[in-house]
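From first to last, the protein sequence lines are chains A and B. With the first sequence counted from 1, adding 431 to any position gets you the numbering used here. With the second sequence counted from 1, adding 431 to any position gets you the numbering used here. Following: one structure in C-alpha cells, then a few remarks.
Protein chains: 2
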Amino acid sequence: MVQYQVLDRTFSALADPTRREILSRLGEGPASISELAKPFGISLTGLKKHVQILEEAKLVTTEKIGRVRECRIGPEQLTDAVQWIEVYRRHWERRLDGLEAYLEAKKGEQK
Amino acid sequence: MVQYQVLDRTFSALADPTRREILSRLGEGPASISELAKPFGISLTGLKKHVQILEEAKLVTTEKIGRVRECRIGPEQLTDAVQWIEVYRRHWERRLDGLEAYLEAKKGEQK
Chain A
432 MVQYQVLDRT
442 FSALADPTRR
452 EILSRLGEGP
462 ASISELAKPF
472 GISLTGLKKH
482 VQILEEAKLV
492 TTEKIGRVRE
502 CRIGPEQLTD
512 AVQWIEVYRR
522 HWERRLDGLE
532 AYLEAKKGEQ
542 K
Chain B
432 MVQYQVLDRT
442 FSALADPTRR
452 EILSRLGEGP
462 ASISELAKPF
472 GISLTGLKKH
482 VQILEEAKLV
492 TTEKIGRVRE
502 CRIGPEQLTD
512 AVQWIEVYRR
522 HWERRLDGLE
532 AYLEAKKGEQ
542 K
C-alpha cells in the first residue's frame, strides 16, 4: 500500500503543467523560489505551493541557504513512476506483438 | 497547450491505485465492466466512473458489444507521458554524470 500512495502522489504532482515546468527547469540545475517564479509570471505564494506539492512527492528537495530557499530535483520517486509505466508498456507491447503475428499469419493464409 | 492538457489528464488518471490496477488488468486483455469490477470489490457504478476517467484520458477505449461494454487499453497517451518523463530523466542523468565526473576529479586531486 505504501508503494501505491507514493505513485498516487507522484502522478498527482505531475498532473499540472506548472509543476512539470518547474521540474524541467530544475533539471538544468538548482534554483531559488524567486528564480523559479520569474518565467511563470505567478506569485511567490503560488509558486511555493507548487514546490511544496513537488516536495511532498519527493520530486523536489529544498534547503534554506541563508535567506534563500534553494530547490533541487529529487529523482527517486520518478524512477518508480517510470518503472510502473514500463511494466505496463511491456505487457501491452507483448500483446501488440501477438496481434501482429496473428495478422501476419492471416495475411499468409489469404495468399 | 493541447499537449499540456493531454499530460494533465494522463497523470491525473494514473494518480489512483484502482485506475492503475484496471490498466494492468487490461494489459492482459480486454474485459467487460463487470469482469473488471470483481477483483476490486467495488460497485459497478464506482468502477464505471474510473473507466470513464481512463477513457477521457484515452488510456482506455470502450465498445458496446451486445449488452456488454468491453474495455481495452488505448496506449497512445501513455507514450506521451513516458516521453515527458524520459526527457526529464535524461536531463537529470546528464547532470548526475557531470557531478560524478566532478567528484572523480576531486578524488584524483586529493591523491
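The C-beta atom is built at its ideal place from N, Cα and C for all residues, glycine as well.
Does the beta carbon of residue i come closer than 9 Å to any beta carbon on chain A?
i         : result
B:Pro-448 : yes
B:Glu-501 : no
B:Gly-458 : yes
B:Phe-471 : no
B:Leu-454 : yes
B:Ser-465 : no
B:Val-513 : yes
B:Leu-475 : no
Starting from the C-beta of residue i, find all residues in its chain whose C-beta is less than 8 Å away, skip the five residues before and the five after it, and write them out in chain order.
i         : result
B:Arg-503 : Leu-457, Pro-461, Val-491, Thr-492, Thr-493, Glu-494
B:Met-432 : With a pLDDT of only 47 at B:Met-432, under the threshold of 50, the placement of this residue in the model should not be trusted, and no figure is reported.
Is it the case that the Cβ atoms of residue i and residue j are separated by a distance below 9 Å?
i         : j         : result
A:Ile-453 : A:Leu-485 : yes
A:Leu-445 : B:Phe-442 : yes
A:Arg-500 : A:Ile-473 : no
Output yes if chain B places a C-beta closer than 9 Å to the C-beta of residue i; else output no.
i         : result
A:Arg-498 : no
A:Val-518 : yes
A:Leu-438 : yes
A:Leu-478 : no
A:Ser-443 : yes
A:Leu-485 : no
Buried or exposed: which applies to residue i, given that a residue is buried once 16 or more other Cβ atoms fall within 10 Å of its Cβ?
i         : result
B:Ile-496 : exposed
B:Arg-451 : buried
B:Arg-425 : This structure cannot speak to residue 425 of chain B, because chain B is shown only from 432 to 542.
B:Val-482 : buried
B:Val-513 : buried
A:Ala-468 : buried
Looking at the ligand FMN, does it come within less than 8 Å of residue i, judged from the CB to the closest heavy atom?
i         : result
A:Pro-461 : In terms of ligand content, the structure shown is empty, and the ligand FMN therefore cannot be addressed.
Go through its chain and collect everything with a Cβ distance to residue i's Cβ below 7 Å, but skip five positions before and after it.
i         : result
A:Glu-487 : Arg-440
A:Trp-515 : Leu-438
A:Ala-536 : none
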